[in-house]
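Asks: The sequence shown runs 2 to 217 under my numbering. Below you'll find the structure I mean.
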Amino acid sequence: MARNGYAQDFDLIDVPGYPGMKMVREAALQLAGACAEYWMETGDKPGILETFRTIATQKHYAATMKPGTFARPGTSNHGLGRAADMDRPLNSYRNWQWGTWNEIAKRWGLNNDQGRATGANGEPWHYVYVGNPQNRATGREMDDMANLNDTLNATRTELTWLRTQQDQEAAKLALVLQIVSEGFTRVDWLRARMDEIVPPTLKMADDVLEPDKPAS
Ligand SMILES: [Zn+2]
């Protein structure tokens, strides 16, 4: 029998779209399907904080964290590669995103039942793959996930480019403002010089040249 928390005892794979987040194959594929559907529906890629947990990590948590917040080593669904902890905003019952996510997750065979029953306030983020899904992951969801990842990366690249452009425009604008400001300084200097050298009678013409200026 597979021992809870011992990676070599499980057929672990990365959750597609989440490098390093390992779960047992079926749970990983189903979670990816749920994430892809949520992503397509809301436009936001769900974040995953933790999936498979080794026995060493579980022991560490149990020993260092608040009592009752972590399962006894050897009993966690994380140690079976069947649980995933979701990131914000899917970590609070108060967030509307949680409800949307919860409905989708259930269709893919994941639920928060264990999470809700944990501690005084529950663990909204904790999802366990329990099987019997309405939706089954096929190659299509994996393609969807790959496409969404490509789109996200392309958007990030474009955003970086746009920011660079924006920075360049800002630099140009700063240069123009500097030139204009130097121009004004020069005009002020010329006005001062004019006041010094032009006879008072001729200065009348200056008022005529600026019709907007109210007559004094
Ligand atoms: Zn958890």
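Even glycine gets a Cβ: it sits at the ideal position worked out from N, Cα and C. As the structure is a computational prediction, the values presented were derived from the model and not from experiment.
Cβ of ASP114 within 8 Å of any heavy atom in ligand 1?
Replies: As a first step, residue 114 must be located in the sequence shown, where it is residue number 113. False, no ligand heavy atom lies under 8 Å from that Cβ.
Asks: As a quick exercise: from GLY120, ARG137, GLU104, ASN122, pick the residue whose alpha carbon is nearest that of LEU30.
Replies: If you number the sequence shown from 1, residue 30 lands on position 29. When only C-alpha atoms are compared, the closest one is ARG137.
Asks: Answer yes if the segment 30-40 comes into contact with the segment 141-161, meaning at least three C-beta pairs across the two stretches below 8 Å, and no otherwise.
Replies: Touching, yes.
Asks: If I'm right that VAL25 touches GLY82 with Cβ under 8 Å, what's the distance once you round it to whole angstroms?
Replies: Within the sequence shown, residue 25 is the residue found at index 24, counting from 1. Within the sequence shown, residue 82 is the residue found at index 81, counting from 1. At roughly 4 Å, the Cβ-Cβ gap stays under 8 Å, so VAL25 and GLY82 are in contact.
Asks: Please tell me whether, using a cut-off of 8 Å, the distance from the CB of HIS61 to the nearest non-hydrogen atom of ligand 1 is below it.
Replies: The sequence position of residue 61 within the sequence shown is 60, counting from 1. No, Cβ of HIS61 sits at least 8 Å from all heavy atoms of ligand 1.
Asks: Ligand 1 and ALA85: does the residue's C-beta get closer than 8 Å to at least one heavy atom of that ligand?
Replies: On the sequence shown, position 84 is the one that residue 85 refers to. The answer is yes for ALA85.
Asks: Between the C-alpha atoms of ALA228 and THR161, what's the straight-line distance to the nearest angstrom?
Replies: Since the displayed the chain opens at 2 and closes at 217, residue 228 lies outside it and no answer follows.
Asks: State the DSSP-derived secondary structure class of ALA72, mapped to helix, strand or coil.
Replies: Residue 72 sits at position 71 when you count from the first residue of the sequence shown. In this structure, ALA72 counts as coil in the three-state DSSP scheme.
Asks: From the DSSP secondary-structure annotation, give me the bridge partner or partners of MET87.
Replies: Here residue 87 refers to the residue found at position 86 of the sequence shown. Looking at the DSSP assignment, MET87 forms a beta bridge with ILE49.
Asks: Flag ASN78 as yes when its Cβ comes closer than 8 Å to any non-hydrogen atom of ligand 1, and as no otherwise.
Replies: For the purposes of this step, residue 78 is identified with residue 77 of the sequence shown, where counting begins at 1. Yes, Cβ of ASN78 sits closer than 8 Å to a heavy atom of ligand 1.
Asks: When you compare only the Cα positions, how much space is there between GLY75 and ALA63?
Replies: Stepping through the sequence shown from its first residue, residue 75 is reached at position 74. Stepping through the sequence shown from its first residue, residue 63 is reached at position 62. When rounded, the distance between both Cα atoms is 11 Å.
Asks: Reducing DSSP to helix, strand and coil, say where ASN112 ends up.
Replies: Mapped onto the sequence shown, residue 112 falls at position 111. Looking at ASN112 - three-state DSSP - the assignment turns out to be strand.
Asks: Give a single yes or no on whether TRP102 has its beta carbon closer than 8 Å to a heavy atom of ligand 2.
Replies: By its list of ligands, the structure shown excludes ligand 2, since it contains just ligand 1.
Asks: With DSSP run on the structure shown, which of helix, strand or coil describes VAL177?
Replies: Taking the sequence shown and counting its residues from 1, one reaches residue 177 at position 176. Three-state result, VAL177: helix.
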